[in-house]
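Asker: What follows is a single structure, and I will ask about it in a moment.
In our numbering, the protein residues as written are 2 to 187.
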């Protein structure tokens, strides 16, 4: 990121950076706002926060914090879930990880809208609504015409992941609202 920021400074360019909810520690029980203190518990979160800090040094910048990305293109948790269920298998999803999911096409549209407006700043960006990973996976299965009961809930700490995940990462989109942008759909 350092090289991107240096190049932008040389030519006086604006930079848009996609960050993450992982810059928070997940201990809060109310939605995170753009002004909340950050405390990333993982290397990934610390790396993203360091990049945010570099981008903030530019006079013209956008930082978009997204969470639980899903949509066409890159493999993601929802796509993996649907593929396994369609193959007749069960899928295990965290029952105690609560956040705000982000449909990639909605995020791309909103990012384009904000960039075109030239309204610089830090924005939380997700779809409206709060759910657990389990609820999201079951809803996606039902919408795809698959059996949502094939999604099995399990506490995140029992899923054998190498890196810890945030139990709570709901993000409030206050900056988008204050700038006059409509929030992405539910």
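The beta carbon of each residue, even a glycine, is placed where N, CA and C say it ideally should be. If you're wondering where the values come from, they're calculated on a predicted model, not measured in any experiment.
Return the CA-CA distance between residue 96 and residue 161, expressed in angstroms with no decimal places.
Answerer: Along the chain shown, read from residue 1 onward, the residue named residue 96 stands at position 95. Along the chain shown, read from residue 1 onward, the residue named residue 161 stands at position 160. When rounded, the distance between both Cα atoms is 14 Å.
Asker: Can you look up residue 118 in the DSSP assignment and give me helix, strand or coil?
Answerer: For this step, residue 118 is matched to residue 117 along the chain shown. The answer is helix: DSSP assigns residue 118 an H, G or I state.
Asker: Just to confirm my understanding: we take residue 55, look at its own chain, exclude 5 residues before and 5 after, and list those with CB closer than 7 Å. What are they?
Answerer: In the chain shown, counting from the first residue as 1, residue 55 sits at position 54. So the list reads 2, 3, 6, once near-sequence residues are dropped.
Asker: Give the DSSP-derived three-state secondary structure of residue 75 in the structure shown.
Answerer: Position 74 of the chain shown, counting from 1, holds the residue named residue 75. Coil, per DSSP.
Asker: At what residues does the beta strand (DSSP E) containing residue 95 begin and finish?
Answerer: One-based indexing of the chain shown puts residue 95 at position 94. 92–95 is the span of the beta strand (DSSP E), which, as asked, contains residue 95.
Asker: Rounded to whole angstroms, what is the Cα-Cα separation between residue 37 and residue 152?
Answerer: Counted from its first residue, the chain shown places residue 37 at position 36. Counted from its first residue, the chain shown places residue 152 at position 151. The straight-line gap from Cα to Cα measures roughly 33 Å.
Asker: Ordered along the chain, which non-local residues of its own chain (more than five positions away) have a Cβ less than 8 Å from that of residue 141?
Answerer: As a first step, residue 141 is located in the chain shown; it is residue number 140 there, counting from the start. So the list reads 71, 79, 82, 83, once near-sequence residues are dropped.
Asker: So what's residue 62 in DSSP terms, helix, strand or just coil?
Answerer: Here residue 62 corresponds to residue number 61 of the chain shown, with the count starting at 1. Residue state, collapsed to three classes: strand.
Asker: Spatial neighbours of residue 74 within its chain, please: C-beta separation below 8 Å, excluding the five flanking residues on both sides.
Answerer: Stepping through the chain shown from its first residue, residue 74 is reached at position 73. 105.
Asker: Closest to residue 12 by CA distance: which of 20, 42, 60 is it?
Answerer: Sequence index remark: in the chain shown, residue 12 carries index 11 (1-based). That would be 60, whose Cα lies nearest to the Cα of residue 12.
Asker: Please determine if the stretch 172–179 and the stretch 19–36 are in contact, where contact requires at least 3 C-beta pairs separated by less than 8 Å.
Answerer: A contact exists between the stretch 172–179 and the stretch 19–36.
Asker: Given a cut-off of 8 Å on the beta-carbon distance, is the pair residue 64 and residue 46 in contact?
Answerer: Along the chain shown, read from residue 1 onward, the residue named residue 64 stands at position 63. Along the chain shown, read from residue 1 onward, the residue named residue 46 stands at position 45. Against a cut-off of 8 Å, the Cβ pair of residue 46 and residue 64 comes out as no contact.
Asker: By Cβ distance below 8 Å, which residues in the same chain neighbour residue 114 in space, the five residues on each side in sequence not counted?
Answerer: Locating residue 114 in the chain shown gives position 113, where the first residue counts as 1. Around residue 114: 182.
Asker: Starting from residue 195, trace the alpha helix (DSSP H) in both directions and tell me its first and last residue.
Answerer: Nothing about residue 195 can be reported from this structure: the residues present for the chain run from 2 to 187 only.
Asker: Would you report the Cα separation of residue 50 and residue 39, rounded to the nearest angstrom?
Answerer: Here residue 50 refers to the residue found at position 49 when the chain shown is read from its first residue. Here residue 39 refers to the residue found at position 38 when the chain shown is read from its first residue. Approximately 8 Å, taken between the alpha carbons.
Asker: Between which residues of its own chain and residue 19 is the CB-CB distance below 7 Å, once the five residues before and five after are set aside?
Answerer: Walking along the chain shown from the start, residue 19 turns up at place 18. The answer, listed in chain order, is 65, 67.
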